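Accompanying notes for the structure given below.
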Amino acid sequence: MAVPHLTESPPVADTLEDLFGSHLSGVCRRTAAALESCGYRSLLVHSGSLRPIFQDDRTHPFEVNAPFKVWTPLSDVPDCFVHFVPGHRPRLLFHQPTDYWYKPASLPEGCWTGNFEILPCADLQAARAALPQDLSHTAYLGEDFGGLAGWAGLALNPPRLIRHLDYHRAVKTPYELACLRAANRLGARGHRAAARAFAAGGSEFDIELAFLGACGQREQELPYNPIVALNENGAVLHYQVLEKRRPAQHHSLLIDAGAEFAGYASDITRTYARESGEFADLIGRMDRLQQTLCAAVRAGVDWREVHLDAHRLTAEVLAETDLITCSPEEALDSGITSVFLPHGIGHLLGLEVHDVGGFMRAPDADDIERPENHPYLRLTRALEPGFVVTMEPGLYFIDPLLAAARADWRGPLIHWSRVESLRPYGGIRIEDDLAVTTTGCENLTRAAFGAES
Ligand SMILES: [Mn+2]
Numbered sequence: 001m002a003v004p005h006l007t008e009s010p011p012v013a014d015t016l017e018d019l020f021g022s023h024l025s026g027v028c029r030r031t032a033a034a035l036e037s038c039g040y041r042s043l044l045v046h047s048g049s050l051r052p053i054f055q056d057d058r059t060h061p062f063e064v065n066a067p068f069k070v071w072t073p074l075s076d077v078p079d080c081f082v083h084f085v086p087g088h089r090p091r092l093l094f095h096q097p098t099d100y101w102y103k104p105a106s107l108p109e110g111c112w113t114g115n116f117e118i119l120p121c122a123d124l125q126a127a128r129a130a131l132p133q134d135l136s137h138t139a140y141l142g143e144d145f146g147g148l149a150g151w152a153g154l155a156l157n158p159p160r161l162i163r164h165l166d167y168h169r170a171v172k173t174p175y176e177l178a179c180l181r182a183a184n185r186l187g188a189r190g191h192r193a194a195a196r197a198f199a200a201g202g203s204e205f206d207i208e209l210a211f212l213g214a215c216g217q218r219e220q221e222l223p224y225n226p227i228v229a230l231n232e233n234g235a236v237l238h239y240q241v242l243e244k245r246r247p248a249q250h251h252s253l254l255i256d257a258g259a260e261f262a263g264y265a266s267d268i269t270r271t272y273a274r275e276s277g278e279f280a281d282l283i284g285r286m287d288r289l290q291q292t293l294c295a296a297v298r299a300g301v302d303w304r305e306v307h308l309d310a311h312r313l314t315a316e317v318l319a320e321t322d323l324i325t326c327s328p329e330e331a332l333d334s335g336i337t338s339v340f341l342p343h344g345i346g347h348l349l350g351l352e353v354h355d356v357g358g359f360m361r362a363p364d365a366d367d368i369e370r371p372e373n374h375p376y377l378r379l380t381r382a383l384e385p386g387f388v389v390t391m392e393p394g395l396y397f398i399d400p401l402l403a404a405a406r407a408d409w410r411g412p413l414i415h416w417s418r419v420e421s422l423r424p425y426g427g428i429r430i431e432d433d434l435a436v437t438t439t440g441c442e443n444l445t446r447a448a449f450g451a452e453s
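Each residue of the sequence shown is one higher than the last, beginning at 1 in my numbering.
See the structure below:
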């Protein structure tokens, strides 16, 4: 029998320091190789700029640039730079203005800072002065902020270098996996609170507030704005309204919401029925379908095949639940499954919720095509150990897609009275985050829900 305190994983904060050091070494190594292969001697990465609102003295919420977050977990300080010269310790030019309208950021502390030479810079001129005089053979990643034109010699966002860096971002380091586990634990905590708010009869807005409160994050800290959809709103894939009134009746909740940890995202969807019955049964079927798909995930698997398998399994569910009048084979051949499942089965996840590099055969090769008639799939690469992907099958009752199908030759293949009885529930999506290994995958989301319960 295992001794509990030995088998428990240590608190995240105790292990991140070591993990960050080797993460950063890996980032330095792969960046040095990419720079050399593309003919540059150093890299300058911008955290991003504050964007002013038209005719106002306020700015839009700050969104840090993902290529900067590869280097540091700083996600809330604009106008910082990482300057990396292979063979040298990376330098962080940390924006610290003199200001009394806003509170300037304090110099960063924490396990990762010892890996950098950190220089406070009051403004962009100070940052420029801290950089070498000669910026030729330096690649710059970030937007073209006002004044950058004066920084002569920089190569702005060279596409080939970006491809090299993006390609390798798909494979996560152990530090990144630890962050993604933590983001899932936060997200699961939010989802549990959201489910309670739904059971208590809350509005979409109430449910979102419950999610935010339990995660301990404001909306702009989250990796994406939560999709909180009651009843038929679940049929709008990226539903954004957040209705403040409670509906007359609560039938269902579809919530797609994730939290962020050190810049890394979780992306989690759950669907709930208020009462037992055929929609609750359909959720159960979709949950089993999702678990079947997860069980087949391992390194070497072609993600396009996973997507097509999802359609095969969806065709079977449609036949079993009497939603179609034809066989599963005919549903698949006729494309009927895409009426009910009109999005990709999953995507890369990491510093961005839809992470980069999903189509690349190799840094210097062409992209891998999507399967024919599946225009929304965001990942076509074969899986490698260290990829983190979402698995998110769905089944929806979407009026415009159903109307189009009803009007053409597909009409007789759909059982319309069955569709009508399920329309008030909107739809179902069940989404977990999976870390791919050589033999299978680690389900970061189910583990997080397990730890929460
Ligand atoms: Mn997703």
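Beta carbons: idealized from backbone N, C-alpha and C, even for Gly.
Just so you know, these numbers come straight off a predicted model, no measurement behind them.
TODO: Output yes or no for whether 7 angstroms exceeds the beta carbon distance between V388 and L180.
DONE: yes
Open item on the list: What does DSSP give as the partner residue(s) for Y224 in the beta ladder?
Closed with: None, per the DSSP bridge assignment.
TODO: Tell me whether H164 is buried or exposed, calling it buried when 16 or more other Cβ atoms sit within 10 Å of its Cβ.
DONE: buried
TODO: Alpha carbon to alpha carbon, how far is P400 from T98? Give it in angstroms, no decimals.
DONE: Cα to Cα, the separation comes out at about 54 angstroms.
TODO: Spatial neighbours of C294 within its chain, please: CB distance less than 8 angstroms, with the 5 preceding and 5 following residues excluded, ordered by chain position.
DONE: M391, D432, L434, C441, N443
- [ ] For P10, count neighbouring C-beta atoms within 10 Å of its own C-beta (all shown protein chains included) and say buried if the count is 16 or more, exposed if not.
- [x] Confidence at P10 is low in this model, with a pLDDT of 46, below 50, so the placement of that residue is unreliable and no value is reported for it.
TODO: Check whether the Cβ of E352 sits closer than 6 angstroms to any heavy atom of ligand 1, and report yes or no.
DONE: no
Open item on the list: For the alpha helix (DSSP H) containing F359, name the first residue and the last one.
Closed with: Segment: none, F359 is in no alpha helix (DSSP H) and carries neither H nor E.
Open item on the list: In the DSSP output, which residue or residues are listed as bridge partners for C121?
Closed with: H95
Open item on the list: Using the three-state DSSP reduction, which class does H415 fall into: helix, strand or coil?
Closed with: In the structure shown, H415 falls within a coil segment according to DSSP collapsed to helix, strand and coil.
Open item on the list: Please return the same chain residues whose Cβ sits closer than 7 angstroms to the Cβ of H415, not counting the five positions on each side in sequence.
Closed with: D322, L323, I324, T325
Open item on the list: When you compare the CB positions of F54 and P78, do they come within less than 7 angstroms of one another, or not?
Closed with: no
Open item on the list: Quick check: does the Cβ of D267 come within less than 6 angstroms of any heavy atom belonging to ligand 3?
Closed with: Summarising the ligand content, the structure contains ligand 1 and does not contain ligand 3.
TODO: Write down every uninterrupted run of the alpha helix (DSSP H) in the stretch 381-410 whose length is 4 residues or greater and which is fully enclosed by it, in chain order.
DONE: Here the runs fully enclosed are 399-407.
- [ ] May I ask you to verify whether the stretch 373-385 touches the stretch 296-307, counting CB pairs closer than 8 angstroms and requiring at least 3?
- [x] yes
- [ ] Over the uninterrupted beta strand (DSSP E) stretch that includes L141, give me the two end residues.
- [x] 138-141
Task: Rounded Cβ spacing between A296 and T437 (contact assumed at less than 8 angstroms) - done: Not really, about 13 angstroms apart at Cβ, beyond 8 angstroms.
Task: Member of G411, L24, P393, K103 whose CA lies at the smallest distance from the CA of Y175 - done: Of the listed residues, the one whose Cα sits closest to Y175 is L24.
TODO: Measure the C-alpha to C-alpha separation of G142 and N157 and round it to an integer number of angstroms.
DONE: G142 and N157: Cα-Cα distance of roughly 7 angstroms.
Task: Per-residue DSSP class, three states only, for S42 - done: strand
Task: ligand 1 heavy atom lying under 6 angstroms from the CB of T445 - done: no
- [ ] Look up E442 in the DSSP assignment and say whether it is helix, strand or coil.
- [x] strand
- [ ] Give the straight-line distance between the Cα atoms of C215 and S37, rounded to the nearest whole angstrom.
- [x] 42 angstroms
Open item on the list: Here's the rule I'm using: 16 or more other beta-carbon atoms within 10 Å means buried, otherwise exposed. How should E232 be labelled?
Closed with: Buried, by the Cβ-count rule.
TODO: Return the CA-CA distance between V70 and A183, expressed in angstroms with no decimal places.
DONE: 16 angstroms
- [ ] Go ahead and pull the three-state DSSP assignment for E243.
- [x] coil
TODO: Hey, could you find the ends of the alpha helix (DSSP H) Y454 is sitting in?
DONE: In the structure as shown, the chain begins at 1 and stops at 453. Residue 454 is therefore absent and cannot be evaluated.
Open item on the list: Whether or not the stretch 132-141 and the stretch 40-49 are in contact is what I'm after, with contact meaning three or more pairs of Cβ atoms, one per stretch, closer than 8 angstroms; do they touch?
Closed with: yes
Open item on the list: Could you check if T292 belongs to the surroundings of ligand 1, using beta carbon to heavy atom distance under 6 angstroms?
Closed with: no
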